[in-house]
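Read top to bottom, the protein sequences are chains A and Z. Take 1 as the starting number for the first sequence in the numbering used here and just add one per residue. Take 1001 as the starting number for the second sequence in the numbering used here and just add one per residue. Even for Gly, the Cβ is constructed at its ideal location relative to N, Cα and C.
There are 2 protein chains.
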Amino acid sequence: MRLEWLEDILAVAETGSFGEAAQRRHLTQSAFSRRIQNIEDQVGAELFDRSRKPVHLHDHVAEQRDQIAHLVRLLRQLQADLRRSGRMAETKLVLSSQHSLTTSLTPAIIREIGTHRRDIFIRLRSANLTDCFSQLLSRQAAILIVYRLPGHQHPILETYIESMTLGFDRFIPVIAPDAAAASNFGGADAALPYVAYPSDVFFGNVFDRQILPKLADAGKILPRAETALTLASLEMAQMGIGVAWVPESLAKPSIADGRLADLSDRLPECNLEVSAVRLLGEPTPVEAAVWDGIASYKIDARSDMSSGSV
Amino acid sequence: MRLEWLEDILAVAETGSFGEAAQRRHLTQSAFSRRIQNIEDQVGAELFDRSRKPVHLHDHVAEQRDQIAHLVRLLRQLQADLRRSGRMAETKLVLSSQHSLTTSLTPAIIREIGTHRRDIFIRLRSANLTDCFSQLLSRQAAILIVYRLPGHQHPILETYIESMTLGFDRFIPVIAPDAAAASNFGGADAALPYVAYPSDVFFGNVFDRQILPKLADAGKILPRAETALTLASLEMAQMGIGVAWVPESLAKPSIADGRLADLSDRLPECNLEVSAVRLLGEPTPVEAAVWDGIASYKIDARSDMSSGSV
DNA sequence: AAATAATGTGCAAATATTGCATGTTGGAGC
DNA sequence: GCTCCAACATGCAATATTTGCACATTATTT
């Protein structure tokens, strides 16, 4: 198995044809065709369905597509790590943050640490809440930056982890200003169109437990779209698809320049806490330094979080 | 980056020389030497220190050794999955069990499911407790078989998971029979030699919290060896290194044929619960079937667990 | 039943890999 | 410091793989 092969397979999956994939891989179509044949020989199975043109991924390959993409990332990373030649051998650290924080608070934190300790190299990963904790448990990440509901627990027992509150944020309803004007959210006539989260992601949970119960008439809300990504939800709100509940820090720039209206005075909202998490135990010196750096960066998200670059 | 290359690097890491590694990789030393040079060219960094003979891994490569081994496993697995050609596309499931259960109860469970549903293919993974939960969170495993202390919680909040008690086991002290006879465990004269677990693994925790407090004189125990693996601990007890606390189900065969003596009448022990765990949410049909199969297999570990093959 | 677009194949040139024989080099022993 | 040996590198020729080009084949469209 080779990284090249995985990239070839993904190229076909993404372009939908050998010809286009060949272009992308900088090969003639014929050479590419035989490369695929070779891959199939080596793997020992037919990967593509040639009974139709253009070719089509076999089901068992499509199933592995995410895994293949994941392995491509890991292999590239490994190559980069091997090449890095240990120049900063003992001063690197993986920090994982929840997607919705990766574009708001986390960059600011990393920048802050960078100003204090130029010798520390931080690799930022972005993932959903459970993946973040999964990375922490498997020590693929040393520190997490995640949201949590004030007064609630993290997904992992506190006996395994140490956490630190960095600041506060709000989960607020927003919508495109024209759509806000056109509709009467206080009234009970029209159903409220909104952008939903799947209930198995963090903000889906927050919505179900904190927002839904506070809605005057929960039956009168109408999911118009669903996405697991907060950024996509924000985008849909801007497009006027419906109301989206998002972290205030994320919506702040859009609200400031008028692309979004804050509806938190008319619709329910709730508070969020931003916290840093690490495993209990003996931290490495770098980990301790970064942890302390983060500690010195505690801020009030409501005023400062949007200062993180987007 | 290629799987072959990773295997080459590991071969050098494990054998400590190009010559031996070449043999293991079925190549002449000269060909192997140039392969390594080629790998270094492609990666863009020197991987081995040739200033001494035999060659020596550079630090930044040694650091990545675990990651490389991990990637080798993932790539082999991917190849197998691609080759499996979807013959059993929708009827496979990953079950992860704590190391100490992988050799006792888990095989029996899998065998049991196999008799009911020949069409289901179960892939068994073995890992430590936190890795098991990490796999569950990242959906690399659908179901876990793990120990837990009666009345205690799993490492992950119960709001995310569903668990089911399969049976009971005991965490008991054992030692080689001759060593047992030679020493007076009731008396307070001699320090008690024992095999310790690191405190960051599950059984280390169990020992610290459940066994240590019950020892008459905790100062009088003397760690003679430390291992994270229960099986290694069992082995050391058989070699007479000291007392080892292990799950009764694991020690049962050795106790039965006289290689180990059960000291639970003279030294503290505690109960363990064996449970199955899965994520809350909509299970796939296969997952539901396996869960039900496991449910029908609830047993009393004290009498039946050792029936699992070793 | 063409016409067309997508993929496969024969062939020769270019590259890459290997084994064998042999050259170099670190380090252990004196 | 010298010698020798084991460990690694390299020259070379044989072999295997990969590629582009031109063209054949096959599915889809009209």
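Residues near residue i in its chain [Cβ-Cβ closer than 8 Å; skip 5 each side]
i, result
"Arg76 of chain A", "Leu3"
"Asp208 of chain A", "Ser199"
"Met1239 of chain Z", "Ala1176"
"Arg123 of chain A", "Lys92, Leu93, Val94, Leu95"
"Ala1141 of chain Z", "Val1094, Leu1095, Ser1096, Arg1125, Cys1132, Gln1135"
"Ala1260 of chain Z", "At residue 1260 of chain Z the sequence reads Leu, which differs from the Ala that was named. Result list for Leu1260 of chain Z: Val1174, Ile1175, Ala1176, Pro1177, Leu1234, Ala1237, Gln1238, Ala1251, Ser1254, in chain order."
"Gln37 of chain A", "none"
"Arg1139 of chain Z", "Leu1279"
For residue i, the three-state DSSP class (helix, strand or coil)
i, result
"Thr102 of chain A", "helix"
"Leu1263 of chain Z", "coil"
"Gly1240 of chain Z", "coil"
"Ser1126 of chain Z", "strand"
"Ala62 of chain A", "helix"
"His1026 of chain Z", "coil"
"Ser233 of chain A", "helix"
"Val55 of chain A", "coil"
"Glu248 of chain A", "helix"
"Leu1280 of chain Z", "coil"
"Asp1049 of chain Z", "strand"
"Arg224 of chain A", "strand"
"Ser1017 of chain Z", "coil"
"Leu1136 of chain Z", "helix"
"Ala1080 of chain Z", "helix"
"Glu269 of chain A", "coil"
"Arg35 of chain A", "helix"
"Ser96 of chain A", "strand"
"Ile1143 of chain Z", "strand"
"Ser275 of chain A", "strand"
"Arg73 of chain A", "helix"
"Arg1111 of chain Z", "helix"
"Arg1118 of chain Z", "coil"
"Pro1213 of chain Z", "helix"
Contact under 8 Å by Cβ, residue i with residue j
i, j, result
"Asp1169 of chain Z", "Glu1248 of chain Z", "yes"
"Asp262 of chain A", "Val174 of chain A", "yes"
"Asp1049 of chain Z", "His1056 of chain Z", "yes"
"Gln1098 of chain Z", "Leu1149 of chain Z", "no"
"Val243 of chain A", "Leu192 of chain A", "yes"
"Glu989 of chain Z", "Ile1143 of chain Z", "Outside the shown range of chain Z, which is 1001 to 1310, sits residue 989 of chain Z, and nothing can be said about it."
"Val1195 of chain Z", "Ala1225 of chain Z", "yes"
"Leu280 of chain A", "Tyr147 of chain A", "no"
"Val1277 of chain Z", "His1154 of chain Z", "yes"
"Leu318 of chain A", "Val274 of chain A", "Residue 318 of chain A lies beyond the stretch modelled for chain A, which goes from 1 to 310, so this question has no answer here."
"Arg25 of chain A", "Asp41 of chain A", "no"
"Glu112 of chain A", "Tyr297 of chain A", "yes"
"Leu1078 of chain Z", "Val61 of chain A", "no"
"Ile1145 of chain Z", "Ile1120 of chain Z", "no"
Same chain, Cβ closer than 7 Å to residue i, five either side skipped, listed in chain order
i, result
"Gly1019 of chain Z", "Gln1029"
"His1058 of chain Z", "Glu1046, Leu1047, Phe1048, Asp1049"
"Leu215 of chain A", "Ile221, Pro268"
"Ala295 of chain A", "Met164"
"Leu10 of chain A", "Ile68, Ala69, Val72"
beta-carbon residue i near the ligand ATP non-hydrogen atom, thresh 7 Å
i, result
"Ile1211 of chain Z", "Absent from the structure shown: the ligand ATP. Ligands present: none."
Beta-carbon proximity list for residue i, same chain, < 6 Å, skipping 5 on both sides
i, result
"Cys270 of chain A", "Phe171, Gln210"
"Leu1231 of chain Z", "none"
"Phe1202 of chain Z", "Leu1129"
"Ser17 of chain A", "Pro54"
"Trp5 of chain A", "Ile39"
Between the stretch 1033-1062 of chain Z and chain A, which residues of the former have a C-beta closer than 7 Å to a C-beta of the latter? Val1043, Gly1044, Ala1045, Leu1047, His1058, Asp1059, His1060, Val1061
In the stretch 1154-1183 of chain Z, which residues sit with their C-beta less than 9 Å from some C-beta in chain A, listed in chain order? His1154, Pro1155, Ile1156, Leu1157, Thr1159, Tyr1160
In the stretch 1124-1146 of chain Z, which residues sit with their C-beta less than 7 Å from some C-beta in chain A, listed in chain order? Thr1130, Asp1131, Phe1133, Ser1134, Leu1137, Ser1138
Whole beta strand (DSSP E) runs in the stretch 148-197 of chain A with 3 or more residues, listed along the chain? 161-175, 192-196
What are the residues in the stretch 61-83 of chain A lying within 9 Å of chain Z by C-beta distance? Val61, Glu63, Gln64, Gln67, Ile68, His70, Leu71, Leu74, Leu75, Arg76, Gln77, Leu78, Gln79, Asp81, Leu82, Arg83
Taking beta-carbon pairs under 7 Å, can you tell me which members of the stretch 196-207 of chain A lie near chain Z? Asp200
Residues in the stretch 1207-1240 of chain Z having any Cβ partner in chain A nearer than 8 Å: none
Name the residues in the stretch 1253-1281 of chain Z whose C-beta lies less than 7 Å from a C-beta of chain A; which are they? Gly1281
Output needed in chain order: residues of the stretch 1094-1106 of chain Z with a Cβ under 7 Å from some Cβ in chain A. none
To be precise: take each residue of the stretch 1003-1016 of chain Z, compare its Cβ to all Cβ atoms of chain A, and keep it if any distance is under 7 Å. Which residues remain? Leu1003
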